[in-house]
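Heads up, the thing below is written out as structure tokens.
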Amino acid sequence: MRVLVTGGAGFIGANFVHWTRAHRPDVEVVVLDALTYAADGSSLGSARDEVELVHGDIADNALVDRLVKDADQVFHFAAETHNDNSLADPSPFVHTNVVGTFSLLEAVRRHGVRLHHVSTDEVYGDLELDDPARFTEATPYNPSSPYSATKAGSDLLVRAWVRSFGISATISNCSNNYGPYQHVEKFIPRQITNVIDGIAPKLYGDGLNVRDWIHVDDHNAAVWTIAEKGRSGETYLIGADGEQTNRDVVSAVLRELGQPEDAYELVRDRPGHDRRYAIDSSKLRGELGWRPTYADFSSGLRATIAWYRDNQDWWRPQKAATEAKYAQLNQ
Ligand code: NAD
Ligand code: TDX
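For the sequence shown, the working numbering assigns the number -19 to the initial residue and increments by one for each residue that follows.
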């Protein structure tokens, strides 16, 4: 079996390639990645010798056509993914998330190749802190940011291509991921690397926003489960019951690195900042039998902190430029 992984040099995509080599050793992997600021070829590590890495844009129709034609399954991870960047300049988000997904859909339609589209719980908007409800597959779409709006648009394109053109495709909407190889612009790596560098972690607003954390390996195991056992045209929500306030996450990072747990700074809030995300993953668990293996967020977080402490060569080259960008936003 030959799979095409878009965005395989990014955070979740690179971890997906490692997961695939460990758990599906007979699968041949081709990665298509534009190698944007968010990518790092070194995240593929030893897999670099066994994986074909094609440097290109998912919106390049001719290139995508050639790669899809030779694949049995496409896993579509490539996207512009950072909300703060989407507020500063939405243009690459429309290009990659909407136009790029369109280009892939047309190629899988031409060649009859199955697609798994990787998306986010942010398409559902947000919940109040005290709302007993969680997102399900039936929750109406209500995205808040340019990032989540373009992801919502891409999900709807996939649904329409299934219904109107009969392509074979599944969709997953996952909650916030953490783990190794995540860019230092994102919340958890930013705060771990700040504390390592003696800088106070930065909490947006009152720091009481809630995210539902899942380890990246649990996400990727779920993606394989859905691609292999899921029904075409269906959406599956992926989550591991990992709700935490941002303040609690930062306090845990500070504690683990030997600092007072309130040694953080409250900074300017993100415009349109979603208050809370929470996933009900009963459908995935009940229909397909998936279960998370990192059920305990604090032990997964501890392992992630250790990874950033031990792999400073990986993140140092990005750190100063990332913090300079945040300084301009007073964040
Ligand atoms: P990331 O930003 O770390 O990586 C994205 C990758 O896509 C990078 O390697 C980048 O070079 C590549 N890319 C960007 N534009 C491209 C283009 N035009 N053509 C080809 N490649 C391009 O992102 P991530 O956190 O690994 O997210 C992967 C996917 O998972 C995204 O679709 C995202 O929406 C989804 N998702 C992420 C999370 C999360 O918490 N990070 C949660 C749910 C869903
Ligand atoms: O310095 C920070 N301080 C802070 O308080 C940063 C970078 C973030 N935050 C807050 C904002 C959010 O409430 O932490 C939370 C997490 O922020 P991000 O890491 O930017 O993630 P989020 O906006 O929740 O989106 C993430 O999860 C869903 C990914 O970036 C998306 O790609 C994914 O779809």
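Backbone N, C-alpha and C define an ideal beta-carbon position, used for all residues, glycine too.
As the structure is a computational prediction, the values presented were derived from the model and not from experiment.
What do you reckon, are the CB atoms on residue i and residue j nearer than 8 Å?
i	j	result
Arg255	Asp106	yes
Leu24	Ala58	no
Pro160	Trp(-1)	no
Tyr216	Ser152	yes
Val11	Val31	yes
Ser155	Gly219	yes
Val98	Thr302	no
Leu85	Ile147	yes
Using the three-state DSSP reduction, which class does residue i fall into: helix, strand or coil?
i	result
Ile38	coil
His3	helix
Leu109	coil
Arg143	helix
Phe57	coil
Gln224	strand
Ala149	strand
Glu303	helix
His199	helix
Lys209	helix
Ser261	coil
Asp13	strand
Ile(-8)	helix
Leu281	helix
Tyr274	coil
Ser124	coil
Can you list, in chain order, the residues of its chain with a C-beta nearer than 6 Å to that of residue i? Leave out the 5 residues immediately preceding and following it.
i	result
Arg(-18)	Glu8, Ala51, Asp52
Pro126	Ser66, Pro70, Phe73
Trp270	Ala202, Thr205, Leu264
Gly80	Ile38, Ala39
Please report the distance separating the alpha-carbon of residue i from that of residue j.
i	j	result
Tyr257	Tyr158	15 Å
Pro5	Leu(-16)	15 Å
Glu316	Asn77	The structure shown does not extend to residue 316, since the chain is modelled only from -19 to 311, so the question has no answer here.
Gly213	Thr150	5 Å
Val88	Thr116	27 Å
Tyr184	Pro240	19 Å
Phe55	Ile38	12 Å
Tyr306	Ile(-8)	23 Å
Asn291	Gln162	12 Å
Gly238	Ile176	10 Å
Leu43	Val34	10 Å
Please tell me whether, using a cut-off of 7 Å, the distance from the CB of residue i to the nearest non-hydrogen atom of ligand 4 is below it.
i	result
Thr116	Looking for ligand 4 in the displayed structure turns up nothing; the ligands present are ligand 1 and ligand 2.
Once the 5 residues before and after residue i are set aside, which same chain residues still bring their CB inside 7 Å of it?
i	result
Lys209	Leu268
Asp249	Tyr184, Gly185
Enumerate in chain order the residues of its own chain whose CB-to-CB distance from residue i is below 8 Å, with the five nearest sequence positions on each side excluded.
i	result
Phe(-4)	Val(-15), Gly(-12), Phe55, Phe57, Asn200, Val203
Contact between the segment 181 to 190 and the segment 217 to 225 (3+ Cβ pairs under 8 Å): yes
Using 8 Å as the Cβ pair cut-off and three pairs as the minimum, do the segment 159 to 179 and the segment 230 to 245 touch? yes
Report yes or no: do three or more beta-carbon pairs, one from the segment 231 to 240 and one from the segment 20 to 37, lie closer than 8 Å? no
Please determine if the segment 86 to 104 and the segment 128 to 136 are in contact, where contact requires at least 3 C-beta pairs separated by less than 8 Å. yes
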